[in-house]
Amino acid sequence: MEIKKSEFIISAVKPAQYPTDNRVEYAFVGRSNVGKSSLINTITNRRKLVKVSGTPGKTRLINFFLINDSFYFVDLPGYGYAKVSKTEQAKWGKMMEDYLVRRPQLQKVALLVDCRRKPTKDDLLMYGWIKHFGYEVVIVATKKDKLNRAELVKNNKLIRETLELDSSEEIINISSLKKIGVKDLLGNMFNDSSEGDPSISNGNPIL
Ligand code: GTP
Ligand code: MG
Numbered sequence: 001m002e003i004k005k006s007e008f009i010i011s012a013v014k015p016a017q018y019p020t021d022n023r024v025e026y027a028f029v030g031r032s033n034v035g036k037s038s039l040i041n042t043i044t045n046r047r048k049l050v051k052v053s054g055t056p057g058k059t060r061l062i063n064f065f066l067i068n069d070s071f072y073f074v075d076l077p078g079y080g081y082a083k084v085s086k087t088e089q090a091k092w093g094k095m096m097e098d099y100l101v102r103r104p105q106l107q108k109v110a111l112l113v114d115c116r117r118k119p120t121k122d123d124l125l126m127y128g129w130i131k132h133f134g135y136e137v138v139i140v141a142t143k144k145d146k147l148n149r150a151e152l153v154k155n156n157k158l159i160r161e162t163l164e165l166d167s168s169e170e171i172i173n174i175s176s177l178k179k180i181g182v183k184d185l186l187g188n189m190f191n192d193s194s195e196g197d198p199s200i201s202n203g204n205p206i207l
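Going by UniProt numbering, 93 is the number at position 93 of the sequence shown; the sequence numbering is gapless.
This is how it looks when you write it as structure tokens:
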């Protein structure tokens, strides 16, 4: 999969604003500050397609990006940011639920976790939620540049154990900063050997 073109389409707060052209989607979820927006910028080779910030809670809306004129990347708002009010949290929950409850064109969800940290309760809930709704999931450990190899192996084990991944589930280690692991991730997301066209849904109802 080679990404040749990417464009921002819309920041949505409610389903009426989602794209309606039924193109397939690939979503990115995870804690605030874990690196979702940075990853989308890195994958698309665009430094500023998505806003990135040192301040957690940057992405508060559901952002849709059209890739290669054929499918969408969806940047979902992060969770677990302590300084968010109850009202904001409730808004987040409603927004995520509205999106995840019924999105048959959603092919795969990348759940991002920080490679240095043990997945949190929120990560576990999110992982459970994705599976409950019947979507395929890939675990992405971010900020690989922050650890040496031994630490990475140790922490990957911790991530695997905490999320109770089975042996067939891969952890993709990436660094958006150093542009490491992008090919692995694309290979996983698009099941590359991909001669296939990701814009064509496999036709299986997801829910
Ligand atoms: P929210 O929008 O708040 O949900 O955050 P996000 O998950 O979109 O995170 P974002 O991409 O905005 O990155 C948060 C911070 O992590 C920024 O300061 C990034 O520069 C930094 N960051 C992201 N990816 C990497 C990486 O691969 N390595 C390092 N060292 N820092 C990174
Ligand atoms: Mg973001």
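The C-beta atom is built at its ideal place from N, Cα and C for all residues, glycine as well.
Just so it is clear, the structure is predicted and the values come from calculations on it, not from any experiment.
message = Measuring straight from C-alpha to C-alpha, what distance separates Met-189 and Gln-89?
response = Indexing the sequence shown from 1 puts residue 189 at position 189. Indexing the sequence shown from 1 puts residue 89 at position 89. In a straight line, the C-alpha of Met-189 is about 29 angstroms away from that of Gln-89.
key: Every unbroken beta strand (DSSP E) within the stretch 75 to 101, with a cutoff of 3 residues, ordered by chain   = none
request  = Measure the alpha-carbon distance for Val-29 versus Ser-37 and round it to whole angstroms.
outcome  = Position 29 of the sequence shown, counted from the first residue, corresponds to residue 29. Position 37 of the sequence shown, counted from the first residue, corresponds to residue 37. Going from the Cα of Val-29 to the Cα of Ser-37 covers about 10 angstroms.
task = Leaving out five residues on either side along the sequence, give the residues of the same chain with a beta carbon under 7 angstroms from the beta carbon of Leu-147.
result = Start at 1 with the first residue of the sequence shown, and residue 147 comes out as number 147. Result list for Leu-147: Cys-115, Arg-116 and Asn-155, in chain order.
inquiry  = Quick check on the DSSP output: the alpha helix (DSSP H) that includes Ile-37 runs from which residue to which?
reply    = If you number the sequence shown from 1, residue 37 lands on position 37. For clarity, residue 37 is Ser in the given sequence; the question names Ile instead. Element bounds for Ser-37: 36 to 44.
query = With distances taken from CA atoms, which of Arg-60, Ala-150, Leu-165 and Leu-49 is nearest Ser-85?
reply = Position 85 of the sequence shown, counting from 1, holds the residue named residue 85. For Ser-85, the nearest C-alpha among the options comes from Arg-60.
task = Using 10 angstroms around the beta-carbon of Leu-124, count the other beta-carbons present and answer buried if the total reaches 16, otherwise exposed.
result = For the purposes of this step, residue 124 is taken as residue 124 along the sequence shown, with counting starting at 1. Leu-124 is exposed by the Cβ-count criterion.
Inter-residue Cα distance where the pair is Lys-157 and Ile-172 = For this step, residue 157 is matched to residue 157 along the sequence shown. For this step, residue 172 is matched to residue 172 along the sequence shown. Going from the Cα of Lys-157 to the Cα of Ile-172 covers about 12 angstroms.
inquiry  = Is any non-hydrogen atom of the ligand GTP found closer than 6 angstroms to the C-beta of Gly-181, if you look at the structure I gave you?
reply    = Your numbering for residue 181 matches position 181 in the sequence shown. No; taking the cut-off as 6 angstroms, the Cβ of Gly-181 has no heavy atom of the ligand GTP nearer than that.
task = Give the DSSP bridge partners of Glu-25, in chain order.
result = Reading the sequence shown from its first residue, position 25 is the one you call residue 25. Answer by DSSP bridge pairing, in chain order: Tyr-72 and Leu-106.
request  = Report the three-state DSSP secondary structure of Gly-181 (helix, strand or coil).
outcome  = Indexing the sequence shown from 1 puts residue 181 at position 181. Coil, per DSSP.
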